[in-house]
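Numbering (UniProt numbering), first residue to last: 1 to 433.
Ideal placement from N, C-alpha and C gives every residue a C-beta, glycine not left out.
Note that the coordinates shown come from a computational prediction; the quantities given were computed from them, not determined experimentally.
In what follows, a structure is listed as structure tokens, so that the remarks can point back to it.
See the structure below:
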């Protein structure tokens with residue numbers, strides 16, 4: 001891992017990571033949703049077959065006691081400490097309704113094959129600039145991570161049982177004779193079980209998403225990320241060259257036509273109507289022709305997609321409950337989430353933001369089908385310091401804590417139906433200040 005954020009994963013594979021932030025997608029109007037979706041489709045079409053892409057969504061638990069300090073109201077030498085205690089209790093109750101105890105981060109990692117770092121660096125920088133511009137079009141803030149920030153992500157993924165902060169500086173490498181891997185590695189790895197593994201004292205398991213549904217919805221990924229526990233969702237996307245994809249589909253159509261002819265010959269020999277064909281054969285033929293039309297005339301591309309979900313917990317029972325919960329979410333959308341057998345080590349390496357996919361379970365999807373995993377839900381607003389409580393996020397139930405003085409535009413409007421508490425809200429803000 002180099003200081004500028006480039007990681008040499010293998011001798012010829014180099015990657016970089018960009019962190020991006022949420023936008024209000026789920027609460028947007030249908031017209032705005034359509035615009036975001038179309039822009040995201042254009043974003044995916046940017047990647048050619050030489051670029052490996054990994055979208056990482058990491059939800060990790062934080063120390064609740066440390067989190068509660070950000071909403072604590074200290075007592076003072078007056079007669080109002082009882083009121084402060086009541087208000088503190090109310091804030092803690094509101095905190096428990098959401099998942100503010102989770103830190104949610106989103107990353108996109110992209111990698112290329114190159115002969116050397118000298119060859120890879122300028123191309124990675126060009127791709128990085130294009131991705132940042134695409135996020136700007138989507139209205140999402142994003143920034144590239146340096147080597148220290150990428151190492152800190154890996155440290156927190158591997159060391160979930162430790163509360164010590166990541167202590168590392170690049171100047172420590174020549175002083176200690178160690179490598180960057182030594183600073184992020186847990187106390188131990190254990191992959192002896194077929195469906196689970198151990199990282200230190202943390203137990204984990206990786207499952208892959210088997211996409212069975214004929215149609216997908218943009219709520220699936222959001223529901224996975226709404227799980228009130230540690231979860232790591234990774235989507236590996238590999239573009240297929242357009243001419244190769246069209247050639248492959250035409251070859252499949254030719255094979256299906258050949259099978260139709262064989263069925264018709266068999267029908268004539270058996271003495272029944274040659275137009276009576278197996279229903280699956282007819283369906284596959286129509287779907288293949290529709291897919292070819294999409295690729296040739298509707299600005300669609302083909303992608304190989306792998307979706308991996310990693311659950312972690314301190315105890316086996318808690319881990320099983322978490323896996324059962326995410327499997328239920330997948331089942332709700334007519335998909336299946338299956339634990340990988342004897343591939344947990346490769347799956348773990350595919351669940352860290354390095355851009356490498358070592359699980360050869362892929363599903364071919366078009367641009368619009370891939371883009372249905374929209375990486376946006378809703379923006380959170382939780383500031384520390386002298387922030388005031390403004391209620392709960394309508395979608396995530398997380399607390400809204402804001403210091404208006406720190407916003408670009410501190411103005412505000414209080415809207416509501418008669419009797420909904422507009423006056424009370426204004427008076428509460430005055431007293432809180």
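*Check the C-beta distance from residue 249 over to residue 288 and give it rounded, since I have them as a contact under 8 Å.*
So it is a contact: roughly 6 Å between Cβ atoms.
* Asked: Any chance the segment 160 to 172 sits against the segment 17 to 33, with 3 or more Cβ pairs inside 8 Å?
  -> no
What did DSSP end up calling residue 395 once you bin it into helix, strand or coil? Reduced to three states, the DSSP call for residue 395 is coil.
Practice task
Have a look at residue 36 and residue 84 and give me their C-alpha separation to the nearest angstrom.
Solution key: 43 Å
(request) May I have a chain-ordered list of the alpha helix (DSSP H) segments no shorter than 4 residues that lie completely inside the segment 237 to 312? (result) 242 to 270 and 279 to 297
- Task: Just tell me which of 398, 195, 134 and 140 has its CA closest to the CA of residue 380.
- Result: 398
**Request:** Specify, as a first and last residue, the run of the beta strand (DSSP E) that residue 208 falls within.
**Result:** 202 to 210
request  = Could you name the residues of the same chain whose beta carbon sits closer than 7 Å to that of residue 73, not counting the 5 residues immediately before and after it, in chain order?
outcome  = 84, 87 and 88
Item to check | Short Cβ contact (8 Å threshold) for residue 239 with residue 49 | outcome: Yes. Within cutoff.
Worksheet item: Is residue 423 near the ligand GDP, judged by its Cβ being under 7 Å from some heavy atom?
Response: The ligand GDP is absent from the structure shown, which contains no ligands of any kind.
Exercise. Is it buried or exposed for residue 312, if we count other Cβ within 10 angstroms and need 16 for buried?
Worked result: Buried is the call here.
Whole-number beta carbon distance between residue 292 and residue 253, since they are thought to touch under 8 Å: Going by Cβ atoms, the distance from residue 253 to residue 292 rounds to 7 Å, so yes, they are a contact pair.
Exercise. Quick one: give me the first and last residue of the beta strand (DSSP E) that residue 339 is part of.
Key: 336 to 339
* Find out if the Cβ-Cβ distance for the pair residue 330, residue 151 is shorter than 8 Å. => Going by C-beta atoms, residue 330 is not nearer than 8 Å to residue 151.
Would you tell me roughly how many angstroms separate the C-alpha atoms of residue 96 and residue 417, rounded to the nearest one? A straight-line Cα-Cα distance of about 27 Å links residue 96 and residue 417.
Exercise. When the Cβ atoms of the segment 38 to 48 are set against those of the segment 381 to 390, are three or more pairs found closer than 8 Å?
Worked result: no
Identify whether residue 107 lies in helix, strand or coil by the three-state DSSP scheme.
strand
On the DSSP letters alone, give me the boundaries of the beta strand (DSSP E) that residue 15 sits inside.
Looking at the DSSP string, the run of the beta strand (DSSP E) that includes residue 15 is 13 to 20.
Worksheet entry | Start-end ranges of the beta strand (DSSP E) lying completely within the segment 164 to 235, minimum 3 residues | 197 to 199 and 202 to 210
How would you write the range of the alpha helix (DSSP H) that residue 26 sits in, first residue to last? Run containing residue 26: none; DSSP gives neither H nor E here.
Check your understanding: For the beta strand (DSSP E) that residue 350 lies in, which residues bound it at each end?
Key -> Per DSSP, residue 350 belongs to no beta strand (DSSP E); it is in the alpha helix (DSSP H), 344 to 350.
*asked:* Between residue 353 and residue 56, how many whole angstroms is the CB-CB distance? I'm expecting something under 8 Å.
replied: 4 Å
Determine the burial state of residue 464: buried for a count of at least 16 other Cβ atoms within 10 Å of its Cβ, exposed for fewer.
With the chain represented from 1 up to 433, any question about residue 464 goes unanswered, as that position is not in the structure.
Hey, is the segment 151 to 168 in contact with the segment 184 to 202, meaning 3+ C-beta pairs nearer than 8 Å? Yes, the segment 151 to 168 touches the segment 184 to 202.
Can the beta-carbon of residue 323 be found less than 8 Å from the beta-carbon of residue 205?
yes
Item checked: Inter-residue spacing [alpha-carbon to alpha-carbon] between residue 296 and residue 304 -> 18 Å
>> Within 10 Å of its beta-carbon, does residue 197 have 16 or more other beta-carbons around it, so buried, or fewer, so exposed?
In response: buried
Delimiting residues of the alpha helix (DSSP H) encompassing residue 430:
Looking at the DSSP string, the run of the alpha helix (DSSP H) that includes residue 430 is 422 to 432.
**Study point:** Neighbourhood of residue 1 by C-beta distance below 7 Å, restricted to the same chain and skipping five residues each side
**Key:** The beta carbon of residue 1 sits closer than 7 Å to the beta carbons of 7, 147, 150, 151 and 180 from its chain, once the five residues preceding and following it are set aside; these are given in chain order.
Problem - Among 59, 94 and 106, nearest to residue 19 - alpha-carbon criterion - result: 106
List the endpoints of the continuous alpha helix (DSSP H) containing residue 5. Looking at the DSSP string, residue 5 is not in any alpha helix (DSSP H), and its letter there is neither H nor E.
field: Length of the line joining the Cα atoms of residue 432 and residue 377
entry: 30 Å
| said: In this structure, how does DSSP classify residue 380 when only helix, strand and coil are distinguished? | reply: If DSSP states are grouped into helix, strand and coil, residue 380 belongs with coil.
Report task. Report yes if the CB atom of residue 326 is closer than 8 Å to the CB atom of residue 309, and no otherwise. Result -> Yes, these two residues count as a Cβ contact at 8 Å.
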